[in-house]
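What follows is the structure in structure tokens.
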């Protein structure tokens, strides 16, 4: 290869290095944003994700049961009001 071919090859490699660095930076931003979101959920250590998800699932099920109970009570009261209005 002559010098011009080497220079061309160097420029190609520099472009590839730039693209790889840009993708690495993008992935770091995504990682940081993901860790920030987890932190907002109270997850500081990645190893506790499963425990936290189980806890959240339990909370959701508990709240769903409370909501179902509330809705059943509301429907009962609504039926009573409808009967009184007849």
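Residue numbers (the working numbering): 203 to 288.
Heads up, the beta-carbon is just placed ideally off N, CA and C, and yes, glycines get one too.
Residue i vs residue j beta-carbon contact at 9 Å
i: residue 251; j: residue 240; result: yes
i: residue 258; j: residue 243; result: yes
Between the CA atoms of residue j and residue i - distance to the nearest angstrom
i: residue 260; j: residue 280; result: 30 Å
i: residue 225; j: residue 218; result: 11 Å
i: residue 254; j: residue 270; result: 24 Å
i: residue 266; j: residue 276; result: 15 Å
i: residue 207; j: residue 220; result: 20 Å
i: residue 285; j: residue 273; result: 18 Å
i: residue 233; j: residue 216; result: 25 Å
i: residue 211; j: residue 262; result: 58 Å
i: residue 205; j: residue 227; result: 33 Å
i: residue 214; j: residue 223; result: 14 Å
i: residue 229; j: residue 268; result: 41 Å
Reduced DSSP category for residue i - H, G, I as helix; E, B as strand; rest coil
i: residue 257; result: helix
Within the region 212-253, note down every full beta strand (DSSP E) run reaching 3 residues or more, in order along the chain.
none
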